[in-house]
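S.K.: Everything in the sequence shown is counted per our numbering, starting at 1 for the first residue and increasing by one.
There's a structure below that I have some questions on.
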Amino acid sequence: MFATCLQVLELLADIRGKIPPLIDYEGTRSILQDSVSPINVVLMQEIQRYNSLLETIISSLAELEKGIKGLVVMSSSLEETFRYIRDIRVPPLWEKAYPSLKPLAAWTRDLCLRVSEFARWAETAQPPNLFWLSSFTLPNGFLTAVLQSSARQYNISVDTLSWEFIVSTVDDRNLIYPPKDGVFVRGLYLEGAGWDKRNACLVEAEPMKMVCPMPTIHFKTVENRKKAAKSMYLCPCYYFPVRSGGAGRPSFVVGIELKAGAVTPDHWIKRGTALLMSVDN
Numbered sequence: 001m002f003a004t005c006l007q008v009l010e011l012l013a014d015i016r017g018k019i020p021p022l023i024d025y026e027g028t029r030s031i032l033q034d035s036v037s038p039i040n041v042v043l044m045q046e047i048q049r050y051n052s053l054l055e056t057i058i059s060s061l062a063e064l065e066k067g068i069k070g071l072v073v074m075s076s077s078l079e080e081t082f083r084y085i086r087d088i089r090v091p092p093l094w095e096k097a098y099p100s101l102k103p104l105a106a107w108t109r110d111l112c113l114r115v116s117e118f119a120r121w122a123e124t125a126q127p128p129n130l131f132w133l134s135s136f137t138l139p140n141g142f143l144t145a146v147l148q149s150s151a152r153q154y155n156i157s158v159d160t161l162s163w164e165f166i167v168s169t170v171d172d173r174n175l176i177y178p179p180k181d182g183v184f185v186r187g188l189y190l191e192g193a194g195w196d197k198r199n200a201c202l203v204e205a206e207p208m209k210m211v212c213p214m215p216t217i218h219f220k221t222v223e224n225r226k227k228a229a230k231s232m233y234l235c236p237c238y239y240f241p242v243r244s245g246g247a248g249r250p251s252f253v254v255g256i257e258l259k260a261g262a263v264t265p266d267h268w269i270k271r272g273t274a275l276l277m278s279v280d281n
């Protein structure tokens with residue numbers, strides 16, 4: 001037991017050393033006070049959620065260290081956190097912010113990337129050209145804000161707007177300006193199929209490769225869009241690999257139309273082909 005406690009204390013120190021500082025909420029709010037756009041509202045909400053998560057992590061690490069050293073009584077909550085960290089898993093208290101299947105080390109790295117994404121946005125007060133949709137704890141809120149922004153821009157009802165999806169055929173470094181309508185979304189993964197970048201369509205997955213990175217997709221806002229062609233597969237996009245969701249939260253985020261390629265969309269339905277916002281490693 002003593003050796004286990006020492007091991008957990010080392011893990012606590014390692015995690016504490018990697019956890020990023022809180023994002024400057026008040027500073028960001030003062031910078032953005034003259035620009036209360038739907039997307040900036042989402043930014044402030046995400047900063048609040050990530051700061052709350054970081055405070056929870058810092059607090060629970062400090063309390064657990066005291067508990068292991070006998071300075072405070074180990075509550076059932078602390079014992080649970082101890083067991084999860086011992087087993088290199090993410091404590092449930094931390095996982096409440098957003099669902100994930102990543103083990104502790106990968107989850108911590110991913111958290112740092114997420115916080116860095118919003119910290120950079122907050123610092124510059126400029127949205128990124130390419131949005132990492134997976135970094136949002138509530139991606140649907142962000143997508144709704146994009147639709148609302150377009151509705152305001154053109155002075156039309158948001159109910160008349162929907163999405164058109166254009167998969168990029170160029171490298172991300174060539175996407176140096178944001179699109180006129182909608183947003184560029186990066187960092188999705190394709191499961192149960194491969195992607196033919198030249199022809200911009202679905203193909204069979206490579207052997208032993210069930211998941212592959214998806215090119216950046218332009219989520220273009222369009223008014224009174226016509227029904228999609230029969231050659232398009234309405235590909236479900238999930239927040240994480242458990243498609244049924246978890247902890248009372250659905251995993252499904254949005255349906256994204258992709259070219260079915262040389263087969264019918266039914267083929268990909270049977271394959272269970274989907275887009276994922278995060279994977280389990």
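For glycine and all other residues, C-beta sits at the position ideal for the given N, C-alpha and C.
What you are looking at is a predicted structure, and each value in this text was computed from that prediction instead of being measured.
#1: Decide if C235 is buried, meaning its Cβ has at least 16 other Cβ atoms within 10 Å, or exposed.
#2: According to DSSP, simplified to helix, strand and coil, what is K220?
#3: Report the three-state DSSP secondary structure of G27 (helix, strand or coil).
#4: Identify whether M232 lies in helix, strand or coil by the three-state DSSP scheme.
#5: In chain order, which continuous runs of the alpha helix (DSSP H) of length 4 or greater are located wholly inside the segment 115 to 190?
#6: Alpha carbon to alpha carbon, how far is V90 from G182? Give it in angstroms, no decimals.
#7: Ordered along the chain, which non-local residues of its own chain (more than five positions away) have a Cβ less than 6 angstroms from that of C287?
#8: Compare the C-alpha of S30 against each of T144, K96, V41 and name the closest.
#9: Output the residue ranges of the alpha helix (DSSP H) runs that lie fully inside the segment 74 to 110 and measure 4 residues or longer, sorted by chain position.
#10: May I ask you to list the residues that DSSP assigns as paired with L268?
#11: Can you check DSSP and say which residues form a bridge with E257?
#12: Distance check for Y154 and E63, CA to CA, integer angstroms please.
#13: Under 8 angstroms, Cβ to Cβ, is there at least one residue of chain D near S59?
#14: Span of the alpha helix (DSSP H) holding V211?
#15: Which word fits M214, buried or exposed, when buried means at least 16 other C-beta atoms lie within 10 angstroms of its C-beta?
#16: What's the gap between the Cα of V170 and the Cα of E204?
#17: Quick check: the Cα distance between Y239 and K66, rounded to an integer number of angstroms?
#18: Please name the residue, chosen from K230, L43, I88, Y25, that lies closest to L133 on a Cα-to-Cα basis.
#19: What does a CB cutoff of less than 7 angstroms around I19 pick up in its chain, not counting 5 residues either side in sequence?
#20: Could you spell out where the alpha helix (DSSP H) holding V203 opens and where it closes?
#21: If you count every other CB in all the chains shown that lies within 10 Å of the CB of G70, and 16 or more means buried, which is it?
#22: In terms of residue numbering, what span does the alpha helix (DSSP H) encompassing A62 cover?
#23: Could you tell me which residues DSSP puts in a beta bridge with C249?
M.R.: Quick answer:
#1: Buried, by the Cβ-count rule.
#2: Of the three classes helix, strand and coil, the one that applies to K220 here is strand, per DSSP.
#3: Under the three-state reduction of DSSP, G27 is assigned to helix.
#4: The three-state reading of DSSP puts M232 in strand, counting E and B together.
#5: Whole alpha helix (DSSP H) segments, 4+ residues: 139 to 154.
#6: Each residue's CA atom was taken as its position, placing G182 and V90 some 35 angstroms apart.
#7: In the structure as shown, the chain begins at 1 and stops at 281. Residue 287 is therefore absent and cannot be evaluated.
#8: It is V41.
#9: Scanning the segment 74 to 110 from its first residue to its last, the whole alpha helix (DSSP H) runs of 4-plus residues come out as 76 to 86, 92 to 95.
#10: Residue 268 is actually Trp in this sequence, not Leu. Answer by DSSP bridge pairing: none, since W268 is not bridged.
#11: Beta-bridge pairing links E257 to L234.
#12: Distance between E63 and Y154, taken at the CA atoms: about 52 angstroms.
#13: Here there is only one protein chain, and chain D is not present.
#14: Here V211 belongs to no alpha helix (DSSP H); instead the beta strand (DSSP E) covers 211 to 213.
#15: It counts as buried.
#16: Using only the alpha carbons, I get a separation of about 21 angstroms.
#17: Taking the straight line joining both Cα atoms gives about 35 angstroms.
#18: Comparing Cα-Cα distances from L133 to each of K230, L43, I88, Y25, the minimum goes to L43.
#19: Contacts found: L54, I57, I58.
#20: That residue, V203, is in no alpha helix (DSSP H); its beta strand (DSSP E) goes 201 to 203.
#21: Exposed, because fewer than 16 other Cβ atoms sit within 10 Å of the Cβ of G70.
#22: For A62, the uninterrupted alpha helix (DSSP H) segment begins and ends at 38 to 68.
#23: According to the sequence provided, residue 249 is Arg. The question's Cys does not apply to it. In the DSSP output, where bridge partners are listed per residue, R249 has G246.
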